[in-house]
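To keep things clear, I will list the structure first and then write my remarks on it.
Protein chains: 2
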Amino acid sequence: MAHDIRILTEAELRQAVGLDLTLIDVIEKAFAALASGTVVMPPILSMELKQAHGEVDVKTAYIPGFDGFAIKVSPGFFDNPKLGLPSLNGLMILFSAKTGLVQAVFLDNGYLTDLRTAAAGAVAARHLAPKTVATAGVIGTGVQARLQMQAAHLVRPFRAVLVHGRDMEKARACAEDLAASLGIAAEAVVDPAELTARSQLVVTTTPARSPVLRAEWLHPGLHITAMGSDQAGKNEIEPAALAAADLYVCDRVSQCETLGELRAAIESGAWTTGTPPELGAVIAGAAAGRQREEDITICDLTGTGAQDTAIATHVLTMLGAAGTLIRA
Amino acid sequence: MAHDIRILTEAELRQAVGLDLTLIDVIEKAFAALASGTVVMPPILSMELKQAHGEVDVKTAYIPGFDGFAIKVSPGFFDNPKLGLPSLNGLMILFSAKTGLVQAVFLDNGYLTDLRTAAAGAVAARHLAPKTVATAGVIGTGVQARLQMQAAHLVRPFRAVLVHGRDMEKARACAEDLAASLGIAAEAVVDPAELTARSQLVVTTTPARSPVLRAEWLHPGLHITAMGSDQAGKNEIEPAALAAADLYVCDRVSQCETLGELRAAIESGAWTTGTPPELGAVIAGAAAGRQREEDITICDLTGTGAQDTAIATHVLTMLGAAGTLIRA
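Those protein sequences? They're chains R and V, same order as listed.
Everything in the first sequence is counted per my numbering, starting at 59 for the first residue and increasing by one.
Everything in the second sequence is counted per my numbering, starting at 59 for the first residue and increasing by one.
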């Protein structure tokens, strides 16, 4: 019983879909569904390949009401740069939620993951950042540093952006890119404490294994989104900050406990206040979000299969006739 | 950094690879590697979709020395037959074991899974069945009933085959197919006790949730391979049979404990003799196999990601120029 399967390349996907408010709404809807309790989202399948200096993660989620569900494979092979290849790659497969038949294969090399991760940052900013953000800061200088600021700017149109990285040359390049893409003032900042002090919204986008943002830097009216930690052992935010904030929110508690900032906070003993709310519950109104402009809020994003299913089903509606049909 | 990815359809894969001794050797090598302890094989990612009357399993394994590793997605949507579609579908993706880059996408609709599952049955028969098998029996009448007998016949060239199923019409059709494909006598048998009594090798290929093969039917010189149970709740062999056999072997103990015959045997209290050996250890000589022709042996196959990686890397060498190259 052969059927048509659509194969899309990264180039075709880049033509079809980008970072915009429509995508942010799609990802927000996925988080709201997560909070409803009807989503089926198994734990991440994770495989560490020490011999190859690599790792592979597989994520998926079934969201009732969505036409399809995605299975996303993200390999990271950290010796690739020596071969002139990127460390991160991968693909997404979209299945019919009704029949389980393969509908599309997105050979995106991680592009859709980049987009849905940035969109989640915007969803967090929309629901947790102060209403007025004059200045946003980003710690980290890679693809996500750029995309997170672009996504956040769509929901909080800040007038200035600050960039900090261990490598100031990369921080300057990132600031230049953001100045060009957002058309606002952008500045590379040597001291992350200064960056935090001058910002109302800070996003951390690093693979740090010891904190890059200190609890003593928290100030009234600050929102922080930490999206770098996606593995046990990673940690961007000093554990005391989670306890000191007025509100700490997880994308998924079960993941943040093992892979996110919450892990380090629990292990260090800093987190003693039980189960934090999830972003989806805040979106759905089932949990309280920011109460006052001067509150300090933190959102911990580890990345969910629900986001993958949301972007994959969304992309399918944006493709027109793009791609190659294979009858299989 | 675009690279070529090869896309293969089920039809192209059926042209390129079939059930033969070469494939059985490849699958045997994967089991031997599993026993060596160097294979990285995470637990199966399993998602039950009650709303859609479906389930999805994802399997993978990294085998040192193999050029690639597979990730295999197996959806089962059990209302599909009402739509004229098969319940089982899916695909395999082959990644470079060195870089993690996607090398090939096998849109096989489960064909490669069928092959590697049958090949595992042959590996079990090769190492555990009596040297002489005059008659083989199969309980079940589907695709695996046919393939398991074809695979077993390659390693134990029996002269007659018996088929039992709840639906005698299907059993007769299966027997006719096997008579034609193997060129031997084939007979549909109403009573599974009679089938077992007359056979030296019995394979069970059902989705049964209560035993289809009774302990009291065991007889000297019998080998049983149970390959139907791949989920908690399934059970083909009466638990007492596992304890009564001279040797009970798992494909993977950690899987059989939760998904295979061993689960029911442990839950019923019938299994009290500790950790059974794995098929790979028998192949490698690290665990004892059949000692005497009159021994009674049972092998429990739940299906491993190692088999998927083995067949996927094997297929890649068999393809010639088949398939569609997509630069992504």
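Each residue gets a CB set at the ideal place from its N, CA and C atoms; glycine is no exception.
Remember, it's a predicted structure, so these values are computed and weren't measured experimentally.
{"Check": "G85/V (DSSP reduced to helix, strand or coil)", "Outcome": "It is worth fixing the name first, because residue 85/V is Ile in this sequence and not Gly. The answer is helix: DSSP assigns I85/V an H, G or I state."}
{"Check": "Given L388/R as reference, the closest of P139/R, A244/R and G179/R once Cα atoms are compared", "Outcome": "The structure shown does not extend to residue 388/R, since chain R is modelled only from 59 through 386, so no value can be given for it."}
{"Check": "Under 9 Å between C-beta atoms of A128/V and L146/V", "Outcome": "no"}
{"Check": "Burial state of L149/V (16 or more Cβ within 10 Å)", "Outcome": "buried"}
{"Check": "Within 9 Å, strictly: CB atoms of N138/V and T118/R", "Outcome": "no"}
{"Check": "Euclidean distance between Cα positions of A93/R and E113/V", "Outcome": "22 Å"}
{"Check": "Contact set between S104/R and chain V, taken where Cβ atoms lie within less than 8 Å", "Outcome": "P100"}
{"Check": "Cβ-based burial, D172/V [other Cβ within 10 Å; buried from 16]", "Outcome": "buried"}
{"Check": "Through-space distance from A368/V to A203/V, alpha-carbon basis", "Outcome": "22 Å"}
{"Check": "Same chain, Cβ closer than 6 Å to V116/R, five either side skipped, listed in chain order", "Outcome": "L103 and V131"}
{"Check": "Helix, strand or coil at H281/V [DSSP, three-state]", "Outcome": "strand"}
{"Check": "Limits of the unbroken beta strand (DSSP E) element including S132/V", "Outcome": "G126 to F135"}
{"Check": "Own chain residues within Cβ distance below 6 Å of P335/V, not counting five before or after", "Outcome": "V307 and A345"}
{"Check": "Strand pairing of Y306/V, partner residues [DSSP]", "Outcome": "I356/V"}
{"Check": "Whole-Å CB distance - T262/R paired with A284/R, under 8 Å assumed", "Outcome": "5 Å"}
{"Check": "Partner residues on chain V for G112/R, Cβ-Cβ distance less than 7 Å", "Outcome": "G158"}
{"Check": "Partners in chain R for Y120/V, counting only beta-carbon separations shorter than 7 Å", "Outcome": "M105 and L107"}
{"Check": "Cross-strand partners of T193/V (DSSP beta bridge)", "Outcome": "A218/V"}
{"Check": "Stretch pair the stretch 159-174 of chain V + the stretch 215-225 of chain V: three plus CB contacts closer than 8 Å", "Outcome": "no"}
{"Check": "Contact residues within the stretch 201-231 of chain R, judged by C-beta distance below 8 Å to chain V", "Outcome": "none"}
{"Check": "Proximal chain V residues relative to V163/R, where beta-carbon distance stays under 7 Å", "Outcome": "V163"}
{"Check": "Cβ of G291/V within 9 Å of any chain R Cβ", "Outcome": "no"}
{"Check": "Whole-Å CB distance - L280/R paired with I197/R, under 8 Å assumed", "Outcome": "Actually they do not touch by this definition, with Cβ atoms about 13 Å apart."}
{"Check": "Neighbour flag for T67/R against chain V, beta carbons, 9 Å", "Outcome": "yes"}
{"Check": "Inter-residue Cα distance where the pair is G168/V and A251/R", "Outcome": "55 Å"}
{"Check": "Same chain, Cβ closer than 8 Å to V248/V, five either side skipped, listed in chain order", "Outcome": "H222 and M226"}
{"Check": "Amino acids of chain V, ordered along the chain, whose beta-carbon sits closer than 8 Å to that of V116/R", "Outcome": "L103, V116, T118 and I129"}
{"Check": "Own chain partners of R217/V with C-beta closer than 6 Å, once the 5 adjacent residues on each side are dropped", "Outcome": "A192 and I242"}
{"Check": "Proximity below 9 Å, CB of A187/V to CB of A209/V", "Outcome": "no"}
{"Check": "L259/V beta carbon less than 9 Å from that of A176/V", "Outcome": "no"}
{"Check": "Within 9 Å, strictly: CB atoms of V373/V and L71/V", "Outcome": "yes"}
{"Check": "V248/V in three-state terms, based on DSSP", "Outcome": "coil"}
{"Check": "Alpha-carbon spacing of L66/R relative to L170/R, whole angstroms", "Outcome": "12 Å"}
{"Check": "Residue(s) in a DSSP beta bridge with S104/V", "Outcome": "D115/V"}
{"Check": "Buried versus exposed, by CB contacts within 10 Å (16 or more), K292/V", "Outcome": "buried"}
{"Check": "Beta carbon proximity, L143/V to chain R, threshold 9 Å", "Outcome": "yes"}
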